[in-house]
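One line per chain: the protein sequences are A and B, in this order. Residues in the first sequence are numbered from 18 upward in steps of one, following the working numbering. Residues in the second sequence are numbered from 6 upward in steps of one, following the working numbering. What follows is a single structure, written as structure tokens, with notes after it.
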Amino acid sequence: MAEAASSAPLSFDNFDKAKRMQGELTKRYFQRLLTAKEQGRKVGYAFVMANPIELFNVFDIVPLYPEITSLNISYRGGAPPLISLSEEMGYSTDACGYVKMGVASVTEGTSTSIGVLPKPDVLLLTFSGCQIYIHWWEQLHYQTGAEVLVVDVPYVRERDGKVPSHDVKYVASQLEESIPQLERVSGKKFREEEFRETMRLSAEAWDLWRKCIEMGKLTPCPMDAYFEAIYYMAPITIARGTQECVDFYRFLLDELNARAEHGVGPTKKEEYRLVYEGVPNYPFFKNFWGLFREHNARGVAATYPKVAGMIDTDSFRINPDRPFESLAEYMIHAYCNWNMPMRTDLIEKYVRDYRADGVVIHSIKSCRSFSMGQGDIREHLAKDLDIPTLLIESDHVDPRYYSEAQTRNRVDAFFETLALRKGGGGN
Amino acid sequence: MQALRTYFAGIDAGSTYTKGALVDDRGALVETTVDMTGINIVTATKKAYAQLLEKAGVSEGQVAYVIGTGYGRYRITFGNTQVTEISCHAKGAHALFPGTRTVLDMGGQDTKAIRVNDRGEVVDFCMNDKCAAGTGRFIEGSARVLGLSLKQVGTLSMNSSNPVKVSSTCAVFAETETQEQLAWGNKLEDVLYGIHVSIATRSIGLLRRVGIDPEITFTGGVSQNPGMIRCLEEQLGQKLNTSPLTNFCGALGAALFAREKYENTTGTGRSAA
Ligand SMILES: Nc1ncnc2c1ncn2[C@@H]1O[C@H](COP(=O)(O)OP(=O)(O)OP(=O)(O)O)[C@@H](O)[C@H]1O
Ligand code: SF4
Ligand SMILES: [Mg+2]
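Have a look at this one:
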């Protein structure tokens, strides 16, 4: 009996528990967020890129990332009413969907598909590559009266990614100077041991997360490093600096190792290995993934899951002994804060290190920070390096910009060219 | 005595027209057909197939393999499999003009720039974004507001000596702009040619993205428009390959894929004949 059971092939479900764990963790986070005010907690709004959430942890400020609430609402199909509301307020169809949903969400009387979002007590503005961030927070300040805490982050200007030490000092000193303001907003004193502890937990989670994503180098790749990694990246963004976050990545790493050991992965087999660039399409996420999954393609590396932090590039390492400096380095090396040649080099390196067959760029209408230059990236990869590269366009939250038939046409044709390259004979 | 011949069919269910092509067991084109796609793709493709066989005097039983392509490719109920129109146009263009290295397919809703190798296989491609501006729809819209046929639009535009600059990039606004330009006293042929210039400019942008390697073969329904051929040739400074058959490149490519696929799967080569 036991013999027979163990020899039966295990289904993928047995190796797909981390996503459920992530779902529960996210649910707990939303619960904490939606009840924060009742429990006398302060709420701080922050951006995904370059947020020193570890500082919030010390003051027990609950972070709300409007980018994450927006994508979650959109994933559940709740974007259109918020986008309409923002357009009634006068926002152009061309403005970033995250911003429009974010603004609509804090408008009096608005309930979203994840609930009524708490208003901010402080708006942490970490400018890092997205110009819109500034105007967005300015608008939220007008709407809610919450104070803005500005941390200016200089752009990475050198082609090789070298950052002058005065840039690091500049950001680190702003972080130190923010402490009195955070003490005043939260009514809590800064405690150094607590800061060190949350930094230690943060570093531990980063190390584990890095190990997870680097498993994409295996053949076959045990995960989809784009579509699945988008679920997996949630804890490092919303729960960094906590034990819960460390536990999640330990579990994920074990699960991925088990997948590798048993030779299972997110598609029946691995026929194509792809590198992805760009923000996904959230309103049609599963449908969009399906266009690739049905060709047995697995994402082996991707830039987007690194918006939480460029952990696999050796550009930063959280260090409890240099807390402000290491946080500053992490913030400076936000993906959209990198110059274009660095971004192109990274994609090229992914193709090489992860032995990919091609690159898929998903460009979104909303976001200049991401989409600007993607045409040039495509051209460089395809023409100079002869790497098959597909550029497709839609939006991350606005369902009006996605047409399945048109996208499928491009994706199917891309796989036909990949098949030819692999000597598969076209179709 | 010779047994009945075997044939292969390609059906290109495009957003605007459904095209059919039939090739024989040596890959030679035997017959073509074209009709509006209309609102019911399933019916349109069935009708196209029946017409194709009737015109060729071939029975359904003689057709060994059918491949569907175009937007409606998954709606073709009688087909054996599907291939995208990108690969099909490449193959069809290469079959008609073996020196082809770049293909420009202008259809009703999409414009595709395709780079191919010496076997007619797709190396790279680019398509217009989700917008009808640089496509046949743009011409159709203008033809409609002016009460002209598609044939007339292209032919009349050839008389232009002083093309008007059409600034709108939107297919819907272009209709209004066409009327405005006429109201301002511009000549009809100059306005029409201006529309062609606007579309050609956009497609050349796409071509540049994949790289412009001669020979260039111009395919799709818009390749039947003499105004557009002139306009593209003027702007590119080189001749394009076109013929009455380039309208059928998608269907022809599909039929040729059908023949290959059949021979690969049966491993019988031409022994079916
Ligand atoms: N005889 C003709 N003269 C001029 N233009 C023509 C002619 N026939 C078709 N067209 C043009 O071709 C367009 C349709 O081309 P085609 O049949 O290649 O499109 P499709 O394959 O249905 O569309 P798509 O490939 O975008 O899905 C029409 O919009 C029209 O502008
Ligand atoms: S423009 Fe891009 S980076 Fe800026 S908020 Fe929108 S999605 Fe984020
Ligand atoms: Mg077509």
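Where is the CB? At the ideal position from N, CA and C, for every residue including glycine.
Shorter than 8 Å from the beta carbon of residue i to some beta carbon of chain B?
i: aspartate 429(A); result: yes
i: alanine 222(A); result: no
i: glutamate 365(A); result: no
i: asparagine 426(A); result: yes
i: alanine 422(A); result: yes
i: lysine 400(A); result: yes
i: glutamate 272(A); result: no
i: glutamate 396(A); result: yes
i: threonine 434(A); result: yes
i: glutamate 410(A); result: yes
i: leucine 437(A); result: yes
Confirm the yes/no value for this check: CB of residue i, any heavy atom of ligand 5, distance under 7 Å.
i: leucine 50(A); result: Of the ligands one can find in the structure shown, namely ligand 1, ligand 2 and ligand 3, none is ligand 5.
With a cut-off of 8 Å, does the C-beta of residue i fall near any C-beta of chain A?
i: asparagine 45(B); result: no
i: glutamate 268(B); result: no
i: valine 127(B); result: yes
i: alanine 278(B); result: Unreliable placement is indicated for alanine 278(B), whose pLDDT of 35 sits below 50; no coordinate value is reported for it.
i: aspartate 218(B); result: no
i: aspartate 134(B); result: yes
i: isoleucine 91(B); result: yes
i: phenylalanine 13(B); result: no
i: tyrosine 22(B); result: no
i: tyrosine 76(B); result: yes
i: arginine 142(B); result: no
i: arginine 214(B); result: yes
i: phenylalanine 178(B); result: no
i: arginine 83(B); result: Correcting the residue identity first, residue 83(B) is phenylalanine in this sequence and not arginine. Chain A, which has no Cβ nearer than 8 Å to the Cβ of phenylalanine 83(B), makes this no.
i: valine 88(B); result: yes
i: phenylalanine 223(B); result: no
i: phenylalanine 253(B); result: no
i: phenylalanine 102(B); result: no
Taking Cβ positions, are residue i and residue j nearer each other than 8 Å?
i: glycine 146(B); j: alanine 188(B); result: no
i: threonine 406(A); j: glycine 375(A); result: yes
i: valine 60(A); j: proline 137(A); result: yes
i: threonine 50(B); j: threonine 23(B); result: yes
i: leucine 257(B); j: alanine 100(B); result: yes
i: glutamine 186(B); j: valine 169(B); result: yes
i: alanine 26(B); j: isoleucine 81(B); result: no
i: lysine 34(A); j: tyrosine 248(A); result: no
i: valine 123(A); j: leucine 157(A); result: yes
i: serine 380(A); j: glycine 316(A); result: no
Identify whether residue i lies in helix, strand or coil by the three-state DSSP scheme.
i: phenylalanine 253(B); result: helix
i: phenylalanine 14(A); result: Because chain A in this structure spans residues 18 to 444, residue 14(A) falls outside the shown range and cannot be described.
i: threonine 11(B); result: coil
i: isoleucine 70(A); result: helix
i: isoleucine 78(A); result: strand
i: glutamate 311(A); result: coil
i: phenylalanine 144(A); result: strand
i: cysteine 262(A); result: helix
i: leucine 27(A); result: coil
i: glutamate 193(A); result: helix
i: lysine 117(B); result: strand
i: leucine 408(A); result: strand
i: glutamate 36(B); result: strand
i: glutamate 182(B); result: helix
i: glutamate 287(A); result: coil
i: phenylalanine 432(A); result: helix
i: lysine 206(A); result: coil
i: glycine 440(A); result: coil
i: lysine 24(B); result: strand
My guess is that residue i and residue j are in contact by the Cβ rule of under 8 Å, so how many angstroms apart are they, rounded?
i: valine 168(A); j: leucine 140(A); result: With a Cβ gap of about 11 Å, valine 168(A) and leucine 140(A) do not count as contacting.
i: isoleucine 378(A); j: leucine 408(A); result: 5 Å
i: arginine 120(B); j: aspartate 129(B); result: 5 Å
i: phenylalanine 335(A); j: tyrosine 347(A); result: According to the sequence displayed, residue 335(A) carries isoleucine and not phenylalanine. Yes, isoleucine 335(A) and tyrosine 347(A) are in contact; Cβ-Cβ is about 6 Å, under 8 Å.
i: leucine 72(A); j: leucine 192(A); result: 7 Å
i: glycine 255(B); j: glycine 97(B); result: 6 Å
i: tyrosine 54(B); j: alanine 14(B); result: 7 Å
i: isoleucine 90(A); j: proline 80(A); result: About 17 Å separates the two Cβ atoms, so there is no contact after all.
i: phenylalanine 265(A); j: glutamine 39(A); result: 7 Å
- Task: For ligand 2, list every residue whose C-beta falls under 5 Å from any of its heavy atoms, going in chain order.
- Result: Cys113(A), Tyr115(A), Cys147(A), Ile149(A), Cys384(A) and Ser386(A)
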